[in-house]
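Protein chains in written order, with our numbering: chain A, 1 to 389; chain B, 1 to 277. Ideal placement from N, C-alpha and C gives every residue a C-beta, glycine not left out. Right, one structure below, let's go through it.
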Ligand SMILES: Nc1ncnc2c1ncn2[C@@H]1O[C@H](COP(=O)(O)OP(=O)(O)OP(=O)(O)O)[C@@H](O)[C@H]1O
Ligand SMILES: [Mg+2]
């Protein structure tokens, strides 16, 4: 018989459901808001940056002879010459040197247009002399103007001429810096983590070290720049602006990240693996080397990649050690002046010319794709290889 | 008796006072005296003494938390790994106190093997699980010798027929009972003289348990075995001697038959008849 138990929701239960729905709505709202910001940011970057990936090119006859090697802008038709980027004319003597058989010949080439023409065509500005405007229209009607892929963005270094500026020297600088970061922070970080996690006695001293390492990860990055300046450059005399100085400074930032993630990876290996190994007569180190490390390697690598990616996007500490500079030529050694991707973006962002705006956006897109690739690798690595017990 | 040297050169002999022990005419493999263990402030063992007889199975029984595992782990110094542990007393093995300062624990553990409650094969192949210890201890160098050893160990653990076609498969791909026998095979591959087992069957079903019990019975021909178990029938089935632990003390130790049929102590009787609260 019914004892007066109703299975309909009571008023109190309905109130709880309402609260639940409200809470869910807040969460969804927050999620949508952050997605909207991301989409906005990306579409704005693509809108501003896409034009830096393409470049106006003009088809012209290029004549090589004694005169045009000296007065290079005479190598093309004089009406077209003002539309062609100066960088091309500068390259003529080099081209002839490289291939003397060009002398006395004429060839048809697609030439990079000047920044003004490029900007005008991309409708970023209307500042173009009337004669040039009409020449451009004539060439367009003849089908001698088109967009080409701006290879220069990836193959040339920085330049004061925006249409020639590229990311190459920043790529090389980033590569060197990351090499230093890896070579320094990976072995030191992993060794420190192994010591703290597996060997260190649990006393005041190691607890202090632990707390400090955790705090290091939260120190504002500009302070690492100060530290790098004081220690590496002023004390040890590492050349200013060099990849070595940058790498060492960024290593200070990456170290705590690697230490913390390595410790977490080691801790995730169950204790009974260590015990099993030691019970058959393995020493502590053998148990770690043969069983614990192989199991925690995916976690360690994931942490390392994330740490390196973080360092790769870092600009503030590099400000202080002079890595934000005009570097047209890619460095060829660790001690030469170098710049890195975010620093290059920072430099471009400060340039007055309109063309640098799209270069800046393009640089951001390139850096972001690199970082997303790195982080995706880390995630894949973790999902693929990490075991759960 | 073959004497193993745990230190390399020491010939020091430790004589320890012995407690009243069951009247048997068997040689003692390990002799524990006045073993006391503290975890931080908490005392887990209150000075217990016990003799472990050669080529016999000694069972340790008692209610949960009474210190059986603690006692067992003291026999191969696995307890040293617990942070904040303090151990007093002596455990004499091959005429040496294993807690003497010159004893090397890594060397010791290659003579006293251990099988854990939860099967813990290395996350490597079946073959490597067995070959690992003999390799790092430098006992076997040639590949063919190693193959022989792996086969022999797996056969003795009664696992060979089941895995001989897939020695490269990961040890973790085996069933729970097979994993436990793999762990036993791994422990005997370095030819220890004593095998310590902490509730080796608690994670196994009755069939796998029966297999392991039969295995224990066969192994005692060559090894001295100390086994912790919560299963009194198991103790009765496999052990020649049984010790009843209670609150960090050994209440009673005698041959299994007498302990189960004529317990001397009231507490023992209560426990084995299930009247223990
Ligand atoms: N690592 C440790 N740290 C602190 N205390 C411990 C530790 N290991 C065991 N103890 C304590 O020591 C006492 C004995 O534990 P032990 O594991 O030896 O009991 P046991 O007889 O094996 O119990 P069970 O049958 O439940 O396995 C218990 O009170 C336990 O709480
Ligand atoms: Mg136990």
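(message) For residue 54 (chain B), which residues in the same chain have their Cβ closer than 6 Å to its Cβ, ignoring the five residues on either side in sequence?
(response) 27, 29, 224
(request) Report yes or no: is there a C-beta of chain A within less than 8 Å of the C-beta of residue 21 (chain B)? (result) The pLDDT assigned to residue 21 (chain B) is 48, lower than 50, so where the model puts this residue is not dependable, and the model offers no usable value.
(request) Identify whether residue 96 (chain B) lies in helix, strand or coil by the three-state DSSP scheme. (result) strand
(request) Return the CA-CA distance between residue 23 (chain B) and residue 32 (chain B), expressed in angstroms with no decimal places. (result) Confidence at residue 23 (chain B) is low in this model, with a pLDDT of 49, below 50, so its placement is unreliable and no value can be given for it.
(request) Establish whether the CB of residue 120 (chain B) and some CB of chain A are separated by less than 8 Å. (result) Using beta-carbon distances, residue 120 (chain B) counts as an interface residue toward chain A, with a partner under 8 Å.
(request) Could you tell me which chain A residues have their CB closer than 8 Å to the CB of residue 132 (chain B), listed as they occur along the chain? (result) 277, 280, 282, 290
(message) So within the stretch 101-176 of chain B, which uninterrupted alpha helix (DSSP H) runs reach at least 4 residues, ignoring any that extend past its ends?
(response) Listed in chain order, the complete alpha helix (DSSP H) runs (minimum 4 residues) inside the stretch 101-176 of chain B are 105-111, 126-136, 143-156, 160-163.
(message) Less than 8 Å between the beta carbons of residue 344 (chain A) and residue 257 (chain A), yes or no?
(response) Not a contact, by the Cβ cut-off of 8 Å.
(request) Return the chain-ordered list of same chain residues with a C-beta closer than 7 Å to the C-beta of residue 269 (chain A), the five sequence neighbours on each side being excluded. (result) 292, 295, 296
(message) Just to make sure I have the definition right: I need the residues of chain A whose C-beta is within less than 7 Å of the C-beta of residue 136 (chain B). Which are they?
(response) 282, 286
(message) Short of 7 Å Cβ to Cβ, which residues in the stretch 263-274 of chain A face chain B?
(response) 272, 273
(request) Would you list the one or two residues that DSSP bridges to residue 254 (chain B)? (result) DSSP output for residue 254 (chain B) lists B:242 as bridge partner(s).
(message) Taking the straight line between their C-alpha atoms, what separation do you get for residue 218 (chain A) and residue 322 (chain A)?
(response) Taking the straight line from one Cα to the other gives about 23 Å.
(message) According to DSSP, simplified to helix, strand and coil, what is residue 18 (chain B)?
(response) With a pLDDT of only 43 at residue 18 (chain B), under 50, the local geometry of the prediction cannot be trusted, and no value is derived from it.
(message) So that I know if they touch, is there some Cβ in chain B lying closer than 8 Å to that of residue 381 (chain A)?
(response) no
(request) Find the nearest neighbour of residue 56 (chain B) within the set B:178, B:70, B:241, judged by alpha-carbon distance. (result) B:241
(request) Starting from residue 327 (chain A), follow the alpha helix (DSSP H) in both directions and report where the run begins and ends. (result) Here residue 327 (chain A) belongs to no alpha helix (DSSP H), and DSSP marks it neither H nor E.
(message) Using CA atoms only, rank isn't needed, just tell me which of B:117, B:51, B:66, B:158 is closest to residue 249 (chain B).
(response) B:66
(message) Let's test the definition: count the other Cβ atoms within 10 Å of the Cβ of residue 271 (chain A) and tell me whether it reaches 16, buried, or not, exposed.
(response) Residue 271 (chain A) is exposed by the Cβ-count criterion.
(message) Applying the 10 Å Cβ sphere with the 16-neighbour rule, what's the burial state of residue 106 (chain A)?
(response) exposed
(request) Return no unless some Cβ of chain A is closer than 8 Å to the Cβ of residue 163 (chain B). (result) Residue 163 (chain B) does not count as touching chain A.
(request) Anything with a beta carbon under 5 Å from a heavy atom of ligand 1 counts; list them all in chain order. (result) Qualifying residues, in the order they occur: B:39, B:44, B:64, B:65, B:66, B:67, B:68, B:69, B:70, B:82.
(request) Assign residue 91 (chain A) to one of two classes, buried (16 or more other C-beta atoms within 10 Å of its C-beta) or exposed (fewer than that). (result) exposed
(message) Mapping the DSSP letters down to three states, classify residue 73 (chain B) as helix, strand or coil.
(response) Reduced to three states, the DSSP call for residue 73 (chain B) is helix.
(message) Give me the residue from B:103, B:206, B:87 with the minimum Cα distance to residue 94 (chain B).
(response) B:103
(request) Could you check the C-alpha separation between residue 99 (chain A) and residue 93 (chain A) for me, to the nearest Å? (result) 10 Å
(request) Determine whether the Cβ of residue 71 (chain B) lies closer than 8 Å to any Cβ atom of chain A. (result) no
(request) Check the Cβ of residue 202 (chain A) against every Cβ in chain B and list those closer than 7 Å, keeping chain order. (result) 83
(request) Answer with yes or no whether the minimum CB distance from residue 295 (chain A) to chain B is below 8 Å. (result) yes
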